[in-house]
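Going by our numbering, the sequence shown opens with residue 47, and the numbers climb by one from there. The C-beta atom is built at its ideal place from N, Cα and C for all residues, glycine as well. Let me begin by presenting the structure, written as structure tokens, before commenting on it.
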Amino acid sequence: MTIRRRRLAASAMAMAATTLLAACGGAEPSGDDDATGKITYFTFSAAPDHLADLEAIKAEFERQNPGITVEVQTAAFTDYFTKLQTAVAGGTAPDTFELNYENFVTYARSGALLPLDDLAQADSDYDPSRVYPKALEAFTLDGQLYAMPSTFSTVVLFYNKALFDAAGLDYPTADWTWEDEWEAAQRLTDRDNGIYGDFQPVTFHEFYKVLAQNGGSFLSPDGKRATFNDAKGVEAAEWLLRKPGAVQPTLAEIGGTADYDTALFKSGKLAMWHNGIWQIAGLAATEGLDFDIVTEPGNTTKANAVFMNATAVSAQTRKATAAWKWVRFLSTSAKTVETRLASNWELPAVNDPAAFDTYLKQTPPANRQAVFDALENIALPPVIKEQQSKMQDIVTQALQKAATGEVSIQEALDEAADEVNALLS
């Protein structure tokens, strides 16, 4: 899945969650039924490519937990949150379900999720130190754990080694700054031969990240007003918008073509590409493509986008203990970790370097350590309760208006900030 499709899907998910009912508490668990019987699990990441992998995890869980069975339900990205919101609102929510970080905030604040702390403390098999600490922090709200982290994917800088070699340039390093990237991109671009030095989408997700790389903030510390239109925000937007037409194709040249950037990189016509590690498997299978990865350059500081998923327990469940065991297994079990790594099904959010030894030894890319180095400087997306997709669309559309020259960058950001402030009021 390309970064563009993934982000559009995330926007669709957030939009579906905006009408989530606030009052959705469920019945209290009762007796032995709480720890045994059938539980349901709703997921968007398993279908269609990883259903067999999920079945293997499920079979091992049921073997280790006799008396509990798991019924898997799936939906495509574009339909998932519409169906989940309808089920929650109608009192028929699945016992457990998958959430991405942005939608997690909305669902947790609405009361749709069961707090997990008491269940975790009562479980002698649960070891919180096995979970990546920043992932646990991400899915904790107001001091309460509301979902168990399951996977993460970092965004890195992919680069074509052959194009760098042909230009006589050194490969990118983790110490690169924006200026280093810009200078290399200019030298690598050969528009007459259809070769571009760089590709970074002009979108909300890229903007909030480069804003963080420039030492700026998207919202005020209290989250009540937009601050991305200040001098640091303008500089961040200028960094994004200086690329189209210079070192990467313009929006008009792309013309809405799906997977344009993926095809460009696979064909050897793109030297540097800002994208997620979910691209690795497809690139590694591309014959004749010699590539590697490195953490993205920063300006005043390093900041890396990370996509995180987790599994939550519905506040409506009558099988809280059984549901907890399942979400814990999906998060930390050896079977889950082994299966995810073997199948390139994102990366398990475990704090266990030894578990990743085999993954790190796989090539290409040679520098897989960059996948984990990116976790040292996480920039999570800003989240607005029940208005996430609107906020994302406002910022993306403003940036694209500036990219086409309809308005200045300052005017575009000021207009976007006013619209976001209206969502916050």
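- Around the beta-carbon of R271, fewer than 16 other beta-carbon atoms lie within 10 Å, marking it exposed.
- If you draw a straight line from the Cα of A258 to the Cα of P218, it is about 20 Å long.
- Distance between V352 and R237, taken at the CA atoms: about 32 Å.
- Burial state of K407 is exposed, judged by a 10 Å Cβ sphere holding fewer than 16 other Cβ atoms.
- T89 places its beta carbon less than 9 Å from that of V118.
- The Cβ atoms of A358 and V373 lie closer than 9 Å to each other.
- Contact between the segment 181 to 192 and the segment 160 to 173 is present: three or more C-beta pairs spanning the two stretches fall below 8 Å.
- Remark: C-beta atoms of W228 and V280 do not approach each other more closely than 9 Å.
- If you draw a 10 Å sphere on the C-beta of P112, you find fewer than 16 other C-beta atoms in it, and that means exposed.
- Buried is the label assigned to E342, since at least 16 other Cβ atoms lie within 10 Å of its Cβ.
- For the options S91, E101, T442, Q446, the alpha carbon positioned closest to that of F123 is the one of S91.
- Contact between W285 and W224 holds, since their C-beta atoms are separated by about 6 Å, short of 8 Å.
- Assignment of beta-bridge partners to D338 by DSSP yields Y205.
- In the structure shown, the three-state DSSP call for L145 is strand.
- Residue environment: E333 is assigned as exposed (fewer than 16 neighbouring CB atoms within 10 Å of its CB, all protein chains considered).
- Out of Y172, E465, A416, P428, the CA that lies nearest to the CA of D268 is found in P428.
- DSSP, read as helix, strand or coil, puts Y217 in coil.
- Nearest neighbour of G240 by Cα position, chosen from A158, F127, A420, G314, turns out to be G314.
- When the Cα atoms are used, L445 and P247 turn out to be separated by approximately 10 Å.
- Linking D464 to S471 through their CA atoms gives a straight-line distance of about 11 Å.
- D338 is classed as buried because its beta carbon has at least 16 other beta carbons within 10 Å across all chains shown.
- Cβ-Cβ distances below 7 Å link I323 to S199, T200, V202, V417 in the same chain, with the five nearest sequence neighbours on each side left out; the list follows chain order.
- Looking at the DSSP output, N397 sits in no beta bridge, so it has no partner there.
- Looking at the DSSP output, M318 shares a beta bridge with Y205.
- Looking at the DSSP output, G83 sits in a beta bridge with I114.
- For E422, the closest C-alpha among the options A395, K381, Y405, N350 is that of N350.
- Counting only the Cα atoms, G243 lies some 21 Å from H251.
- Residue pairing for Q294: DSSP places it in a beta bridge opposite P290.
- If only complete runs of 4 or more residues are kept, the segment 144 to 186 shows the alpha helix (DSSP H) at 147 to 156, 163 to 167, 179 to 184, in order along the chain.
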